[in-house]
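Asker: Take a look at this one; I'll ask things after.
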């Protein structure tokens, strides 16, 4: 009798998944075809939005980069998007943008200005495409950054801006030395023998934040008109030092995602409200950050743009991904491929892997109420975690409604590690 009951239970569960599969409208993605072609219908469907977040379920999946690049190209050529904003420091992306729009070797520029997570052949191909597009089209594509984990290059933008103003140049020179110190401390966290002097870092960051505020106030008082890039650099610098400034006042309730959203919003506004593609991790483009009570960057963008912000996640269930053993993301991390372990049975990755279509696009806005479940979601970062020992760091608490996190999902059942540059 127990065996019959078990068989019926398993059959009922299987039929439930099949019924769900039939009720949910998905678009099959044939990865054997040209990515530009399979991405075109997705771009057309979401292209009426103002800000589109293109997420990744790992920081090292080849196909995630390829399909997001293909969607981006379609959004640019067919839907009038003009800005690609990476989860990367603003100042670094400013100089990468200049390099892309010159004859500089792309690989050299990538290794100098991009975090290692983005130093892949897939991103290189996208940047070469942007270079070619900008040579042929009046509507120029701008590469920008929403993050602030390194700030020296943002300060260098101000140095160039104020080179003929002795007062502001002196302040900026002082600010640059403090930026270099903080950047160095961030990078040295990968040295297992190094012990950071946090009181010194907090003191340095507090002084730097006050310097940046002084520069801002002096420019305003003297009626100095700032270029668009200088305005963005100044905001980025303040964000980069804000954590240390607030820590000096024992305030630790600072949201990185809120500040990144403000960078995206200000970039959109200062560049004549041009439409923006944001390329970042699923955890950031999400409405709610899965491992805290904070909103994701996407949640703050949704507050600002409402239904004109679209959050598109990418998920996988098997294959390989690239990761580093370093604790901190820099531009010289060493990456290698690791196998993706089988997803937990009560995870969304496992749930989607049972769909008839192995690879598909799912617009959650058009399936509101049809997608039912209560599963955890795997989010792999840039550094390698043992999947057994750190299961709680990889899988979120149970999520019953994915609409509370994303507007859409691209699910690719089996994927491969990103191909990092040599």
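Numbering (our numbering), first residue to last: 36 to 457. A virtual CB, placed ideally from N, CA and C, is assigned to each residue, including glycine.
With 16 other CB atoms within 10 Å as the buried threshold, where does residue 202 fall?
Answerer: The residue is exposed, with fewer than 16 neighbouring Cβ atoms inside 10 Å.
Asker: What are the complete alpha helix (DSSP H) segments, minimum 4 residues, inside the stretch 121-203?
Answerer: Here the runs fully enclosed are 125-135, 141-148, 156-171 and 187-196.
Asker: Could you tell me whether the stretch 406-420 touches the stretch 378-386, where touching means 3 or more Cβ pairs closer than 8 Å?
Answerer: Flag = yes, the stretch 406-420 and the stretch 378-386 touch.
Asker: Are the CB atoms of residue 450 and residue 341 within a distance shorter than 8 Å?
Answerer: It is not a contact, given that the beta carbons lie outside the stated cut-off.
Asker: Of all the options 310, 377, 211 and 288, which has the alpha carbon lying nearest to the alpha carbon of residue 268?
Answerer: Looking at the Cα atoms, 211 is the closest of the given residues.
Asker: For residue 414, does the three-state DSSP call read helix, strand or coil?
Answerer: Correct three-state label for residue 414: coil.
Asker: Where does the unbroken alpha helix (DSSP H) through residue 353 begin, and where does it stop?
Answerer: Looking at the DSSP string, residue 353 is not in any alpha helix (DSSP H); the run it does join, the beta strand (DSSP E), is 344-359.
Asker: Where in the stretch 276-352 do unbroken runs of the beta strand (DSSP E), each at least 3 residues long, occur, reported from the N-terminal end onward?
Answerer: If we require 3 residues or more, the beta strand (DSSP E) runs fully inside the stretch 276-352 come out as 310-314.
Asker: Identify which residue in 91, 156, 113 and 88 has its Cα closest to the Cα of residue 72.
Answerer: Answer by Cα proximity: 113.
Asker: Can you find the residues in the same chain that come closer than 6 Å, C-beta to C-beta, to residue 93, ignoring five residues on each side of it along the sequence?
Answerer: So the qualifying residues of the chain are 356 and 415.
Asker: Between the C-alpha atoms of residue 321 and residue 219, what's the straight-line distance to the nearest angstrom?
Answerer: Distance between the alpha carbons of residue 321 and residue 219 is about 30 Å.
Asker: If you reduce the DSSP assignment to three classes, tell me which class residue 89 lands in.
Answerer: Here residue 89 sits in strand by DSSP.
Asker: CA-CA distance, residue 153 and residue 400?
Answerer: Approximately 30 Å between the Cα atoms of the pair.
Asker: Do three or more CB pairs link the stretch 161-170 to the stretch 189-198 at distances below 8 Å?
Answerer: The stretch 161-170 vs the stretch 189-198: no contact.
Asker: Assign residue 184 to buried or exposed, taking buried as 16 or more other Cβ atoms, counted over all protein chains shown, within 10 Å of its Cβ.
Answerer: Its Cβ being crowded by 16 or more others within 10 Å, residue 184 is buried.
Asker: Would you kindly work out how many angstroms separate the C-alpha atoms of residue 439 and residue 277, rounded to a whole number?
Answerer: So the alpha carbons of these two residues sit roughly 29 Å apart.
Asker: How should residue 145 be labelled, buried or exposed, when 16 other C-beta atoms within 10 angstroms of its C-beta is the threshold for buried?
Answerer: Buried, since its Cβ has 16 or more Cβ neighbours within 10 Å.
Asker: Sort out for me which residues DSSP pairs residue 99 with in a bridge.
Answerer: Looking at the DSSP assignment, residue 99 forms no beta bridge with any residue, so it has no partner.
Asker: Residue 384 by DSSP, collapsed to three states: which one?
Answerer: Residue state, collapsed to three classes: helix.
Asker: I want to know whether the stretch 295-308 touches the stretch 112-128 - three or more CB-CB distances under 8 Å.
Answerer: Yes, the stretch 295-308 touches the stretch 112-128.
Asker: With a 10 Å radius around its C-beta and 16 neighbouring C-beta atoms as the bar for buried, classify residue 441 as buried or exposed.
Answerer: So residue 441 counts as buried.
Asker: Output needed for residue 187: all residues of its chain with C-beta closer than 8 Å, excluding positions within five of it in sequence on either side, in chain order.
Answerer: Only 126, 211, 214, 215 and 218 meet the Cβ criterion.
Asker: Please identify the residue among 319, 282, 310 and 300 whose C-alpha is closest to the C-alpha of residue 292.
Answerer: The candidate whose alpha carbon is nearest that of residue 292 is 319.
Asker: Identify, in the order they occur along the chain, each residue of the same chain with its Cβ nearer than 6 Å to the Cβ of residue 86, setting aside the five sequence neighbours on each side.
Answerer: Once the five neighbours on either side are set aside, the close Cβ partners of residue 86 are 311, 336, 340 and 344.
Asker: Report the rounded CA-to-CA distance for residue 52 versus residue 446, giving the unit in angstroms.
Answerer: Residue confidence is low: residue 52 scores 38 on pLDDT, short of 50, so the model does not pin down where it sits. Its coordinate-derived value is still stated next. The straight-line gap from Cα to Cα measures roughly 16 Å.
Asker: What does the Cβ neighbour count give for residue 230, buried or exposed, with the cut at 16 atoms within 10 Å?
Answerer: Flag for residue 230 reads exposed.
Asker: For a test of the three-state rule: what should DSSP assign to residue 374, helix, strand or coil?
Answerer: In the structure shown, residue 374 sits in a strand (DSSP, three-state: E or B).
Asker: State the DSSP-derived secondary structure class of residue 437, mapped to helix, strand or coil.
Answerer: The answer is helix: DSSP assigns residue 437 an H, G or I state.
Asker: For residue 235, does the count of other Cβ atoms within 10 angstroms reach 16, so buried, or fall short, so exposed?
Answerer: It counts as exposed.
Asker: In the DSSP assignment, what residue or residues form a beta bridge with residue 394?
Answerer: Beta-bridge pairing links residue 394 to 447.
Asker: Output the boundary residues of the alpha helix (DSSP H) element that contains residue 241.
Answerer: Per DSSP, residue 241 belongs to the alpha helix (DSSP H) from 233-256.
Asker: Taking a contact to mean a Cβ-Cβ separation below 8 Å, would you say residue 283 touches residue 237 in this structure?
Answerer: Against a cut-off of 8 Å, the Cβ pair of residue 237 and residue 283 comes out as a contact.
Asker: Give the range of the alpha helix (DSSP H) segment to which residue 454 is assigned.
Answerer: Per DSSP, residue 454 belongs to no alpha helix (DSSP H) and is neither H nor E.
Asker: So the candidates are 106, 148 and 140; which of them puts its Cα closest to the Cα of residue 122?
Answerer: Of the candidates 106, 148 and 140, the one whose C-alpha sits nearest the C-alpha of residue 122 is 148.
Asker: How long is the line joining the alpha carbons of residue 225 and residue 358, rounded to whole angstroms?
Answerer: So the two alpha carbons sit approximately 14 Å from each other.
Asker: Name the two residues that bound the continuous beta strand (DSSP E) containing residue 63.
Answerer: Residues 61-63.
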